[in-house]
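Below is one structure; the comments refer to it alone.
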Amino acid sequence: MDSKHNFFIDNLDQEEAWRLFKKMAGDYVENRKFKSTSTVVAKGCGGMPIALTTIARATRDKTVHEWKHALRELQTPSVVNFNGLPADAYSRIEQSFEYLKDEQLKKNFLLCSLMGNPIFTSDLFKYSTGLGIFQGVKKMEDAGNQLYALAYELKDCCLLLESGSTEQFSMHDVVRDVGISIAWRGQHIFLVKNEEVWELADKEALENCYAISIRDCLSYLQINIPENIFAGMRKLKVVDFTGMQLFCLPSSIDLLKILQTLCLDQCMLGDIAIMGKLKNLEILSINNSDIVQLPEALGQLTKLRLLDLTNCFQLRVIAPNVISCLSCSKELNIRHCFVEWDVQGCAGLDELMHLTRLAMLEIDVRNDNTLPKGFFSRKFEKFKISVGDVSGIPSEVSIEDWLRFSRPSFSIAIHETLRRLKLKLNSTTICSNKLQGIRNVEYLCLDKLQGVKNVLFELDTDGVTYSLQLTNLERICIDPLKVESFNELETIKVEYCVELSNIFLLSATNCLPRAERIAVIDCSNVEEIFAIGGEADVDNNNAMEEIEFDELRSLSLGNLPKLT
Numbered sequence: 267m268d269s270k271h272n273f274f275i276d277n278l279d280q281e282e283a284w285r286l287f288k289k290m291a292g293d294y295v296e297n298r299k300f301k302s303t304s305t306v307v308a309k310g311c312g313g314m315p316i317a318l319t320t321i322a323r324a325t326r327d328k329t330v331h332e333w334k335h336a337l338r339e340l341q342t343p344s345v346v347n348f349n350g351l352p353a354d355a356y357s358r359i360e361q362s363f364e365y366l367k368d369e370q371l372k373k374n375f376l377l378c379s380l381m382g383n384p385i386f387t388s389d390l391f392k393y394s395t396g397l398g399i400f401q402g403v404k405k406m407e408d409a410g411n412q413l414y415a416l417a418y419e420l421k422d423c424c425l426l427l428e429s430g431s432t433e434q435f436s437m438h439d440v441v442r443d444v445g446i447s448i449a450w451r452g453q454h455i456f457l458v459k460n461e462e463v464w465e466l467a468d469k470e471a472l473e474n475c476y477a478i479s480i481r482d483c484l485s486y487l488q489i490n491i492p493e494n495i496f497a498g499m500r501k502l503k504v505v506d507f508t509g510m511q512l513f514c515l516p517s518s519i520d521l522l523k524i525l526q527t528l529c530l531d532q533c534m535l536g537d538i539a540i541m542g543k544l545k546n547l548e549i550l551s552i553n554n555s556d557i558v559q560l561p562e563a564l565g566q567l568t569k570l571r572l573l574d575l576t577n578c579f580q581l582r583v584i585a586p587n588v589i590s591c592l593s594c595s596k597e598l599n600i601r602h603c604f605v606e607w608d609v610q611g612c613a614g615l616d617e618l619m620h621l622t623r624l625a626m627l628e629i630d631v632r633n634d635n636t637l638p639k640g641f642f643s644r645k646f647e648k649f650k651i652s653v654g655d656v657s658g659i660p661s662e663v664s665i666e667d668w669l670r671f672s673r674p675s676f677s678i679a680i681h682e683t684l685r686r687l688k689l690k691l692n693s694t695t696i697c698s699n700k701l702q703g704i705r706n707v708e709y710l711c712l713d714k715l716q717g718v719k720n721v722l723f724e725l726d727t728d729g730v731t732y733s734l735q736l737t738n739l740e741r742i743c744i745d746p747l748k749v750e751s752f753n754e755l756e757t758i759k760v761e762y763c764v765e766l767s768n769i770f771l772l773s774a775t776n777c778l779p780r781a782e783r784i785a786v787i788d789c790s791n792v793e794e795i796f797a798i799g800g801e802a803d804v805d806n807n808n809a810m811e812e813i814e815f816d817e818l819r820s821l822s823l824g825n826l827p828k829l830t
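Reminder that position 343 of the sequence shown reads as 609 in my numbering, one-by-one numbering, no gaps.
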């Protein structure tokens, strides 16, 4: 695991081993029916913590007959010759693998073993989908939920380790080594790392291989990949080239007629037009790669469901009509790219409007003039959209950190939002007809919308369902807010709005019934936070009604010198 300081942990003595085994398997192993068998099973693990935990979790809640079968398996000598790992440790972990309840769990475990730490769920999703593990699941969101459930089951079996995040997890090196061996012997998955040479691969085995992963060349190591490498590997469904120089893809890649997933992450890429011949490709991932343009040929990938271009900072050109041709696309990620939209020789954002199946969109748009009419009215399952110069708005930090206010007294914990919209514009070009129809946003961030006087009133009645961040605005609203737009809003943060004298005009006392956290900071001209009625009522001091916030848990007010 590349640790700098290693220390030796000896095998546990019999008493310690039993304590650990019982903790992992459950107290029922003390039951009279089980104890005679379970104690022998625990002894069979030889005091090795990794064997004790995996075997105990694998046999938890099993019947007496299954426990006796486990004991027989433990007492059967291993015939596997696995260098660097004791045969008994190998057999214990392999036995835990065999006890996994279904093929989905087994296949996901083997995929995890081929990935370096940390294992990102986004990568695992691409591989699992390409291999057809989620049979019968049509929606990508449902497949994602199923993947999380499988990962938690593997953690519960001690075959995966906790990482403190739902987006990644890790695997013990010993468990990984066993998984790689199982995958190579019986599952037709081939892993090449660093300087390993192609001649090590058995030709017959490669002919039956359905997944190949070439990873860990993160210094952009230039490996000489033979042009005919894929000639004898026509059953491939997943190809992963990570961290490589690929100025031209091998010409034999067009032989992969059933290829489902192609990952070219963290690569230096040149001409990729040959990918247009991969007619059955469903997932194409090119995130964090050096690539300048997407050629017209990619428009031939009409079965593509997911295209990931996240963090391709050099990407400038997407050829016209490429996006609109991806008619099966359900997920499109173009965040942190500097794509020129709607200029000569480039795609236009209006092409997105042709993707009727698109459910998940992540995109940065620098110039709001390129936004097509009705862009905000699309009802996506998940989106992260940034419009304008949002460089000052953190994108990679968690929502929890971004919305955690600097005042020590104001600390909030919220869930990771799925639908985020950020607008930061220095011109008056984003008129009200573009804001109208913003729908079903969980986290809305508005920063410096010059010339927009009634911004919140323009929001669709689906409104903002979770968090609202307002920064550097000249005006927030002239007309009272509609009750239906914000009745689910929980978090409100307003900062640096130095032109404002009041924050919200409410049409009724119950416009914000779910508000739990409110902060108004560094708004030097604010005289009041909430008022009932229209702007004229406020000017005439006729709007003195009591506003109740039954759910409010935290209120932070800072640097508001005119607040009375």
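All residues carry an ideal CB built from backbone N, CA and C; glycine is no exception.
- Message: Taking the straight line between their C-alpha atoms, what separation do you get for cysteine 578 and asparagine 553?
- Response: Counting from one through the sequence shown, the residue named residue 578 turns up at place 312. Counting from one through the sequence shown, the residue named residue 553 turns up at place 287. Cα-Cα distance, rounded: 6 angstroms.
- Message: On a Cα-Cα basis, can you pick out the residue from Lys503, Lys405 and Thr305 that is closest to lysine 648?
- Response: In the sequence shown, counting from the first residue as 1, residue 648 sits at position 382. The residue with the shortest Cα to Cα distance from lysine 648 is Lys405.
- Task: Tell me, to the nearest whole angstrom, how far the beta carbon of asparagine 474 is from that of lysine 503; I am working on the premise that it is less than 8 angstroms.
- Result: Here residue 474 is taken as the residue at index 208 of the sequence shown, counted from 1. Here residue 503 is taken as the residue at index 237 of the sequence shown, counted from 1. Not quite, the Cβ-Cβ distance comes to about 12 angstroms (not below 8 angstroms), so this is no contact.
- Message: Using 8 angstroms for Cβ pairs, my map puts leucine 771 next to valine 792. What's the rounded Cβ distance?
- Response: Here residue 771 refers to the residue found at position 505 of the sequence shown. Here residue 792 refers to the residue found at position 526 of the sequence shown. About 13 angstroms; that fails the 8 angstroms criterion.
- Task: Go to isoleucine 589, then tell me how far its alpha helix (DSSP H) extends in each direction, as first and last residue.
- Result: Numbered from its first residue, the sequence shown carries residue 589 at position 323. Its alpha helix (DSSP H) spans residues 588–591.
- Query: Are the Cβ atoms of phenylalanine 435 and alanine 417 separated by less than 8 angstroms?
  - Reply: Within the sequence shown, numbered from 1, the residue matching residue 435 stands at position 169. Within the sequence shown, numbered from 1, the residue matching residue 417 stands at position 151. Yes, Cβ-Cβ distance for phenylalanine 435 and alanine 417 is below 8 angstroms.
- Taking the Cβ atom as the reference point for each residue, do valine 588 and glutamate 548 lie within a distance shorter than 8 angstroms? Numbered from its first residue, the sequence shown carries residue 588 at position 322. Numbered from its first residue, the sequence shown carries residue 548 at position 282. No, Cβ-Cβ distance for valine 588 and glutamate 548 is not below 8 angstroms.
- Thinking just about the alpha-carbon of each residue, which of Phe796, Ile758, Leu823 and Leu427 is nearest to the one in serine 790? If you number the sequence shown from 1, residue 790 lands on position 524. For serine 790, the nearest C-alpha among the options comes from Leu823.
- Look up asparagine 768 in the DSSP assignment and give the residues it is bridged to. In the sequence shown, counting from the first residue as 1, residue 768 sits at position 502. Answer is Glu794.
- Message: Using C-beta distances below 6 angstroms, list every residue in its chain close to glutamate 617, excluding the 5 sequence neighbours before and after it, in chain order.
- Response: Indexing the sequence shown from 1 puts residue 617 at position 351. Cβ neighbours of glutamate 617 beyond the five flanking positions: Ile589 and Ser590.
- Buried or exposed (CB count within 10 angstroms, at least 16 for buried), isoleucine 524: As a position in the sequence shown, residue 524 is number 258, starting the count at 1. Exposed: under 16 other Cβ atoms inside 10 Å.
- Task: Return the first residue and the last residue of the alpha helix (DSSP H) that phenylalanine 752 is part of.
- Result: If you number the sequence shown from 1, residue 752 lands on position 486. Counting along the chain, phenylalanine 752 falls outside any alpha helix (DSSP H), and DSSP gives it neither H nor E.
- Is the region 598–615 close to the region 635–652, with three or more CB pairs under 8 angstroms? yes
- Task: Helix, strand or coil for asparagine 738, going by three-state DSSP, please let me know.
- Result: Here residue 738 corresponds to residue number 472 of the sequence shown, with the count starting at 1. If DSSP states are grouped into helix, strand and coil, asparagine 738 belongs with coil.
- Query: By Cβ distance, which residues of its chain are closer than 6 angstroms to aspartate 537, with the 5 residues on each side in sequence left out?
  - Reply: Indexing the sequence shown from 1 puts residue 537 at position 271. These residues qualify, in order along the chain: Cys514.
- Message: Rounded to the nearest angstrom, what separates leucine 371 and glutamate 332 at their Cα positions?
- Response: One-based indexing of the sequence shown puts residue 371 at position 105. One-based indexing of the sequence shown puts residue 332 at position 66. Rounded to the nearest angstrom, the two C-alpha atoms are 19 angstroms apart.
- Does DSSP classify glycine 445 as helix, strand or coil? Looking up residue 445 in the sequence shown gives position 179. Helix, per DSSP.
- Task: Determine the contact status of serine 595 and leucine 621, defining contact as a CB-CB distance below 8 angstroms.
- Result: Reading the sequence shown from its first residue, position 329 is the one you call residue 595. Reading the sequence shown from its first residue, position 355 is the one you call residue 621. Against a cut-off of 8 angstroms, the Cβ pair of leucine 621 and serine 595 comes out as a contact.
- Can you tell me where the alpha helix (DSSP H) with alanine 409 in it begins and where it stops? The sequence position of residue 409 within the sequence shown is 143, counting from 1. Looking at the DSSP string, the run of the alpha helix (DSSP H) that includes alanine 409 is 406–422.
- Task: Could you tell me which residues DSSP puts in a beta bridge with serine 551?
- Result: Counted from its first residue, the sequence shown places residue 551 at position 285. Cys529 and Asp574.
- Secondary structure at valine 653, three-state DSSP: helix, strand or coil? On the sequence shown, residue 653 is found 387 positions in, with the first residue counted as 1. Three-state result, valine 653: strand.
- Message: Here's the rule: buried if 16 or more other CB atoms are within 10 angstroms of the residue's CB, otherwise exposed. What is valine 505?
- Response: By 1-based counting over the sequence shown, the position of residue 505 is 239. Under this definition valine 505 is a buried residue.
- Query: Distance, Cα to Cα, lysine 688 vs histidine 602?
  - Reply: Taking the sequence shown and counting its residues from 1, one reaches residue 688 at position 422. Taking the sequence shown and counting its residues from 1, one reaches residue 602 at position 336. Computed Cα separation, rounded: 13 angstroms.
- Task: Consult DSSP for cysteine 378 and reduce its assignment to one of helix, strand or coil.
- Result: Taking the first residue of the sequence shown as 1, we reach residue 378 at position 112. Helix.
- Message: Tell me the residue span of the alpha helix (DSSP H) that contains methionine 290.
- Response: Here residue 290 corresponds to residue number 24 of the sequence shown, with the count starting at 1. Start and end: 280–291.
- Query: Between the region 365–379 and the region 436–447, do three or more beta carbon pairs fall short of 8 angstroms?
  - Reply: yes
- Could you give the distance in angstroms between the alpha-carbon of tyrosine 476 and the alpha-carbon of cysteine 533? Taking the sequence shown and counting its residues from 1, one reaches residue 476 at position 210. Taking the sequence shown and counting its residues from 1, one reaches residue 533 at position 267. C-alpha separation (whole angstroms): 22 angstroms.
- Item | Supposed close pair leucine 592, leucine 570 - CB separation, criterion 8 angstroms | As a first step, residue 592 is located in the sequence shown; it is residue number 326 there, counting from the start. As a first step, residue 570 is located in the sequence shown; it is residue number 304 there, counting from the start. About 5 angstroms; that satisfies the 8 angstroms criterion.
- Message: For tyrosine 356, list the residues DSSP reports as bridge partners.
- Response: Against the sequence shown, residue 356 aligns to sequence position 90. BP columns for tyrosine 356 are empty, so no partner.
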